[in-house]
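Peer 1: Quick one: this structure, given as structure tokens, is what I'll be asking you about.
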Amino acid sequence: LQHYEQVLRFKPECDASVRVGLGVCCAKLGQTVRARAAFMRALDLDPDKVEAVVGMTLLDLASIPRGAKDRIARQKEAVRRLTTLRNVTNPMVLNHEANHSFWKFNQQRGWRAELEEGSMELVLHKHTEEADDDAAAELSLESLTEILAVGVPIRLGGGTPKWQDKIMEVVERKDSEGSETLKLLMRRPWDKPSESLVPIYCPDYKKVEQHAGTAFHYTTVSEIKAESYFLLGRADHSRNNLKRAQGYYSGAIKHFKTFAPAHYGLAQMHLHNHEYDKAIQCLKDCLADSPDTLEALHLLGKLYRQKDQGDKALVHLKRAVELHPENAEVWLTLAQVLQSSAKTWTHAQIRETHEAYSNAVNLIRQRAAAGAGSNKSRKDLDADIPAAVFTNLGTMQQMLGKKNEAMESYLAALKQAALNSPRRESKAASICEPANQVFWEWEDLPGEVSLEPDSGDVSSTEDLRKLVSNYAMLRILIPPPTKDAMNGGGVVPTEESTSNGASSASSPGSSPTDWMRVDVHGESPIAASVVPLKTPYHGTIPLRDTRAQRKVTRVSVNEATKTTCFNLAILHEELGEGLAAVELHRAIINHFPNHIDAYLRLANLYKNMGVVKKAIKYCEAAHERSPSDPAPLALLGNMQMELAQLRNEPKRLEPAKNALEKIQKLDGKYVADPFCNLSIGNIYFSNLHQSEPAAYTKHLQWSEQFFKHVLRGHSSNAFAANGLAMVLAEGGHLDMAKDVLHRVKTASGGVAVSDAMVNLAHVMTIQEEQLQAVKNYSAVLRKKHHGHDAELLLFIAHAHFSDGRHRDALKSLSKALHIDPSDCRLWLNVASVEYEFAAFIFNREQSIASDMVMADMEAARDYVTTALKILNWLLERKKAMDGDKKRRDGRLEAMDDKKIKKLVENCEKALKRAPVHLDHARRRAEEAQRVREAHAWSLEENRRRQREEEDRVEEEKKAKRLEVQERARLKQEQIGALLSQQAAEPPEKKGKRARDGDGLSQSDNEDNIEEVGGSGGVDFGSSDEEIEQSGAATPQPKKATDDDDLFGSDSDEDDMTSEQQQQQPQPPPVTTAVVSPTQEMTTNGDDKTHEGGRGGSLADESLADLGLDDSDDETDEKTNEGSSGEPVSNAATTTTTTTTMTTTTTGGVGSG
1 LQHYEQVLRF KPECDASVRV GLGVCCAKLG QTVRARAAFM RALDLDPDKV EAVVGMTLLD
61 LASIPRGAKD RIARQKEAVR RLTTLRNVTN PMVLNHEANH SFWKFNQQRG WRAELEEGSM
121 ELVLHKHTEE ADDDAAAELS LESLTEILAV GVPIRLGGGT PKWQDKIMEV VERKDSEGSE
181 TLKLLMRRPW DKPSESLVPI YCPDYKKVEQ HAGTAFHYTT VSEIKAESYF LLGRADHSRN
241 NLKRAQGYYS GAIKHFKTFA PAHYGLAQMH LHNHEYDKAI QCLKDCLADS PDTLEALHLL
301 GKLYRQKDQG DKALVHLKRA VELHPENAEV WLTLAQVLQS SAKTWTHAQI RETHEAYSNA
361 VNLIRQRAAA GAGSNKSRKD LDADIPAAVF TNLGTMQQML GKKNEAMESY LAALKQAALN
421 SPRRESKAAS ICEPANQVFW EWEDLPGEVS LEPDSGDVSS TEDLRKLVSN YAMLRILIPP
481 PTKDAMNGGG VVPTEESTSN GASSASSPGS SPTDWMRVDV HGESPIAASV VPLKTPYHGT
541 IPLRDTRAQR KVTRVSVNEA TKTTCFNLAI LHEELGEGLA AVELHRAIIN HFPNHIDAYL
601 RLANLYKNMG VVKKAIKYCE AAHERSPSDP APLALLGNMQ MELAQLRNEP KRLEPAKNAL
661 EKIQKLDGKY VADPFCNLSI GNIYFSNLHQ SEPAAYTKHL QWSEQFFKHV LRGHSSNAFA
721 ANGLAMVLAE GGHLDMAKDV LHRVKTASGG VAVSDAMVNL AHVMTIQEEQ LQAVKNYSAV
781 LRKKHHGHDA ELLLFIAHAH FSDGRHRDAL KSLSKALHID PSDCRLWLNV ASVEYEFAAF
841 IFNREQSIAS DMVMADMEAA RDYVTTALKI LNWLLERKKA MDGDKKRRDG RLEAMDDKKI
901 KKLVENCEKA LKRAPVHLDH ARRRAEEAQR VREAHAWSLE ENRRRQREEE DRVEEEKKAK
961 RLEVQERARL KQEQIGALLS QQAAEPPEKK GKRARDGDGL SQSDNEDNIE EVGGSGGVDF
1021 GSSDEEIEQS GAATPQPKKA TDDDDLFGSD SDEDDMTSEQ QQQQPQPPPV TTAVVSPTQE
1081 MTTNGDDKTH EGGRGGSLAD ESLADLGLDD SDDETDEKTN EGSSGEPVSN AATTTTTTTT
1141 MTTTTTGGVG SG
């Protein structure tokens, strides 16, 4: 590219060849825009430049997207450039003309096709009407025969092609006078209504050979020669000239070793010759040059799948679907490879395979819908999908648990198969379950029928001998009953009763679509107008002039539907449709007697239904059909062992052992088979306590030998290790058995080997580790059986009972009875636990009488009564079973009559002693009730006294608060009066006091006044609650002294006599708290009365003047009396109280 660009820089006027080279380089580098511009410039310089025209054509073809609606029109427009070239000898043009002729379908002038519905023959006739139109374009019979060779594709119809197929064989050619015909055999039948004069289109491979051959001779370029060889080989390949095609493909590779299409064509030749290794190598060479070729990736994946190299096949197929996710065929091949290469299915593999099948089916449906429009039904959309694809898709859905979707897929597969199978009359013993309705349908019979009460013949107005045969199934429409019909006068048919109703009814006569099914007699001949029935009609209403239908088989069980029917039967088993599954398996056996899997599934179904004889019969029949197959014997032996355990029938162990020993005799490789050895070891271990005591040790040793034999060949076999642990536990080596079972539990990841965990729990129960045992039992019950297993619940009950938890044991037994109420062992255990629980309650020592004593005794009596009823019922049932063999129960037979009767005697004795226990419990309960009542009365009395005391204290507090408020008011009045008196006193007296004193000034007195009244005011508006709240923080009152009471006796009220004081109203007594002087001093350290040494003389002088010199002793006495809670009324106490209030309140009178 750089060299071409340099040429253009140095010589811009160069010819068109340089532009063509530049365009080719750009196209190789993916620069399509520059390449197109270079080619267009080359055509501007030279309009006849062939290389430029070819380059433009190739770019136009490459730009058309896959799936474009106008793809064909754009291809024709791109190729039309080549046809306009005047140079017809150019090898490139000739090769492209040959390629165009290979894909172009030309109408064969003068010939028309005649088609018949369902026929694979195609008859071509000479069409004379067009002979005069264009005589030169008409083809002779010889030319047409050369063109229509084997393998040539043909399209029929004008405009949009109606139908396309390839010629499989040229059957006949007639060239008589006036009549020329050519009869061809196609690969598939004509699936549309019969037509005639249909235009026929096909490619002209003769033109391909002419153009490609000419191109090969006109060129010396190896790549162009290789392309010519490839075109010639492809034309011969289409006409099944495989040897010539292989030669041409080989020649193309010799001329051009990296020519990918030639390698792909040669790979197809090798594949036809079954040379798979050579074909794989050719495809590898093709992918080496063109790694994204869809066809090569797809075919290589198929070849690797055929060689059982699934991993390599998946690599190429996944790459193919990654490149072309819209290709349904590649998705389908990928799904088939995923399915065939999976040895052990994992959830991821199942999901991936299901996704591949789903994508393939959806893409095929989308393609069919796009070709037919939106009016096409699902049935028409699924016409191109093989039934096997639906079957495999249903299998994946069933494995993923999508059972409804799996059912739809299986039904779709059967409907596909029904398209190619004729309908035939269904017999009475054929498939008839509603769940299998896809296999049959009802078809109307001509005419009308009548059936009289108690009649065994159906009369008809038409001859039904060709439509109805013996053992056929019919149904007759029951019209609505009328009054005349009830009186025997017949049925008046209505418009609705004569309609084509096809739904079955639940109650005859309720609607006009009710039907009555009848079976045709198997041996009586059928007359022209009379059909004999298997059983007479016992109805009371006659059925006259009504319609009838016969049951016809829509889908039959054959080779094509065998797998689908078998999978559908298994799905019915999973959905609980046991009868439908049995019906399908029996139908498979009837058509394919050697289908062993159907025999085994039937045997298992009958075993689950409880029909043991039929189950064993089908196992034996499968063994007879395939004596060398060990599966029937293995199922028979396993079935006998399960029945021996479930029904407690040890006699079945011997047939089971014989069946397993037969497997070992079939072939030497089965001698060391772990399943057989494990099963035989389990049989010997299960038979330990059933055999004679002398054989106990021998059977235990044989069981140990079989388990060890399995472990020698398969050291990681958890089931063999579990069996060996059972032998150890049976021998008394509990610790060793417990260690082995712990190892098995760890190695298997919990409940994978559930028997090991159950046995471990057994050992723990024996070693009195009941809690751990219950945990192991519960884990297995929850994870393995989803909480529904009566035997495990019985084990849990035993563990609870061993630990003395009788109630928990009864709960577990109750759950087990809900699961299996017919198990007599559970009922016997319920009776035993109830008796033991009652005995425990009767015999335990009651410490202190409680409320539960009487209830426990009554419950114990009920337990004993229930247990006695259960035991008597078991005895009666066992007695009735002895005379009736049909009602035999192995588990009930194994019960010991003596033990049951002994338990009955114990229950009766307990019931006799129950009144004594109940009376004793009643007395204890009454005594306990009296004690409780006395205690309750005592508590109530104490609470009453406490409430009274609290009320009294509250009243005292309230009275004290009122007293304090009143005294504060009185003291305030005294202070006011004293201040007024001092203000009115003559100045001489004041001066005399100053001279007689210690020289204190008036300001000192004012300071002392402020100390009493001004340091804190008295709050007369405080409520009781506020006083109580502030009480905790209120300082304690100081002891009244001479220094404290500065104004105590300076009022006229102090001179009152004691009589006058007694006449005044006294406040209620209040309990006050007195603080010691030392504490008061510590608390009130800032008290001014303790500052200096002169305050005391002033106080003494003031008190002397007021006439209260001896108040010191009185104050101490009165204060002590007040602190004891007695009522006080002297002035000293009032002063003390006032002092207390003064120090605890804020605001107040001040010095005013």
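Numbering follows UniProt numbering, with no gaps: position 157 of the sequence shown is 157.
Every residue, glycine too, gets a C-beta built ideally from N, C-alpha and C.
Check whether the Cβ atoms of Ala587 and Val557 lie closer than 8 Å to each other.
Peer 2: In contact: Ala587 and Val557 (Cβ atoms closer than 8 Å).
Peer 1: Terminal residues of the continuous alpha helix (DSSP H) containing Thr540?
Peer 2: Where Thr540 is concerned, there is no enclosing alpha helix (DSSP H), given that its DSSP letter is neither H nor E.
Peer 1: Determine, for Glu322, whether the minimum Cβ-Cβ distance to residues of chain B falls below 8 Å.
Peer 2: Note that chain B does not occur in the displayed structure, where there is just one protein chain.
Peer 1: Tell me which residues share the same chain as Leu197 and place their Cβ nearer than 6 Å to its Cβ, disregarding the 5 neighbours each side in the sequence.
Peer 2: Taken in chain order, the residues that qualify are Arg112.
Peer 1: Compare the Cα-Cα distances from Arg41 to each of Ala62, Glu97, Gly30 and Pro12 and report the closest residue.
Peer 2: Of the candidates Ala62, Glu97, Gly30 and Pro12, the one whose C-alpha sits nearest the C-alpha of Arg41 is Pro12.
Peer 1: With respect to the alpha helix (DSSP H) encompassing Leu688, which residues constitute its N-terminal and C-terminal limits?
Peer 2: Premise fails: Leu688 is in no alpha helix (DSSP H) and is neither H nor E.
Peer 1: Just to confirm, are Ala859 and Phe842 a CB contact at a threshold of 8 Å?
Peer 2: It is not a contact, given that the beta carbons lie outside the stated cut-off.
Peer 1: Bridge partners for Met399 per DSSP, in chain order?
Peer 2: In DSSP, Met399 forms no bridge with anything.
Peer 1: Mapping DSSP to helix, strand and coil, what is Glu1126?
Peer 2: Since pLDDT at Glu1126 reaches only 37, below the 50 mark, its modelled position is unreliable, and the value read off the structure follows with that caveat. DSSP places Glu1126 in coil when its eight states are reduced to three.
Peer 1: Report the three-state DSSP secondary structure of Gln664 (helix, strand or coil).
Peer 2: Of the three classes helix, strand and coil, the one that applies to Gln664 here is helix, per DSSP.
Peer 1: Excluding the five sequence neighbours on either side, which residues of its own chain have a C-beta within less than 8 Å of the C-beta of Pro835, listed in chain order?
Peer 2: The identity of residue 835 in the sequence shown is Tyr, whereas the question assumes Pro. Closer than 8 Å at Cβ, skipping near neighbours: Tyr863, Val864, Ala867, Leu903, Asn906, Cys907 and Ala910.
Peer 1: Please report the residue range of the alpha helix (DSSP H) in which Glu443 lies.
Peer 2: Premise fails: Glu443 lies in the beta strand (DSSP E), Trp440 to Asp444, not in any alpha helix (DSSP H).
Peer 1: Do you know how far the Cα of Pro386 is from the Cα of Gln349?
Peer 2: Near 23 Å, if we compare the C-alpha coordinates of Pro386 and Gln349.
Peer 1: What did DSSP end up calling Ala113 once you bin it into helix, strand or coil?
Peer 2: Correct three-state label for Ala113: strand.
Peer 1: Three-state secondary structure (DSSP) at Met895?
Peer 2: Of the three classes helix, strand and coil, the one that applies to Met895 here is coil, per DSSP.
Peer 1: Applying the criterion that 16 or more other CB atoms from any shown protein chain within 10 Å of the CB defines a buried residue, is Cys14 buried or exposed?
Peer 2: Exposed, since its Cβ has fewer than 16 Cβ neighbours within 10 Å.
Peer 1: Does the segment 686–701 come within contact of the segment 720–734, defined as at least 3 CB pairs closer than 8 Å?
Peer 2: Touching, per the Cβ criterion.
Peer 1: To the nearest angstrom, how far is the alpha carbon of Ser510 from that of Ala335?
Peer 2: Below a pLDDT of 50, predicted positions are generally treated as unreliable, and Ser510, at 40, falls in that range; the measurement from the model is reported next regardless. One C-alpha to the other measures close to 51 Å.
Peer 1: Taking the straight line between their C-alpha atoms, what separation do you get for Gly189 and Met168?
Peer 2: The sequence as given places Pro at residue 189; Gly does not occur at that position. Each residue's Cα considered, the two are about 12 Å apart.
Peer 1: Which of helix, strand or coil does DSSP assign to Trp163?
Peer 2: It is a strand residue.
Peer 1: Please report the straight-line C-alpha distance between Gly110 and Phe259, rounded to a whole angstrom.
Peer 2: One C-alpha to the other measures close to 40 Å.
Peer 1: Please look up how many angstroms separate the CB atoms of residue 1182 and Cys619, rounded, as I've assumed it's under 8 Å.
Peer 2: Not covered by the structure: residue 1182. The range shown for the chain is 1 to 1152.
Peer 1: Under a Cβ-count criterion, where at least 16 other Cβ atoms within 10 Å of its own Cβ denotes burial, should Asn362 be classed as buried or exposed?
Peer 2: Burial call: exposed.
Peer 1: May I have the straight-line CA-CA distance separating Ala656 from Tyr777, to the nearest angstrom?
Peer 2: C-alpha separation (whole angstroms): 28 Å.
Peer 1: Less than 8 Å between the CB atoms is what I'm expecting for Lys302 and Thr333, so what's the real figure, rounded?
Peer 2: Confirmed, Cβ separation roughly 6 Å.
Peer 1: What's the C-alpha gap between Lys126 and Glu146?
Peer 2: Taking the straight line from one Cα to the other gives about 16 Å.
Peer 1: Looking at the ligand NAD, does it come within less than 7 Å of Arg625, judged from the CB to the closest heavy atom?
Peer 2: Within the structure as shown, the ligand NAD is missing, as the structure has no ligands at all.
Peer 1: Could you give the first and the last residue of the continuous beta strand (DSSP E) run that contains residue 1156?
Peer 2: Residue 1156 cannot be examined here, being either before or after the span of the chain that is shown, 1 to 1152.
Peer 1: Helix, strand or coil for Trp345, going by three-state DSSP, please let me know.
Peer 2: It is coil, neither helix nor strand.
Peer 1: Can you tell which of Lys278, Lys402, Cys282 and Arg239 has the C-alpha that lies nearest to the C-alpha of Glu257?
Peer 2: The displayed chain sequence assigns Lys, not Glu, to residue 257. Nearest of Lys278, Lys402, Cys282 and Arg239 to Lys257, Cα basis: Cys282.
Peer 1: In the DSSP assignment, what residue or residues form a beta bridge with Ile476?
Peer 2: Answer is Met516 and Ala548, bridged to Ile476.
Peer 1: Could you compute how far the alpha carbon of Lys403 sits from the alpha carbon of Arg187?
Peer 2: Near 37 Å, if we compare the C-alpha coordinates of Arg187 and Lys403.
Peer 1: Taking the alpha carbon of Leu94 as the reference point, which residue from Arg365, Lys225, Arg923 and Val931 has its own alpha carbon closest?
Peer 2: For Leu94, the nearest C-alpha among the options comes from Lys225.
Peer 1: Hey, residue 1191 and Asp463: beta-carbon distance below 8 Å or not?
Peer 2: Because residue 1191 is not part of the residues shown, which for the chain are 1 to 1152, the question remains open.
Peer 1: In its own chain, which residues sit with a C-beta less than 7 Å from the C-beta of Ser628, not counting the 5 before and 5 after it?
Peer 2: So the qualifying residues of the chain are Leu666.
Peer 1: Return helix, strand or coil for Thr553, following the three-state DSSP convention.
Peer 2: Reduced to three states, the DSSP call for Thr553 is strand.
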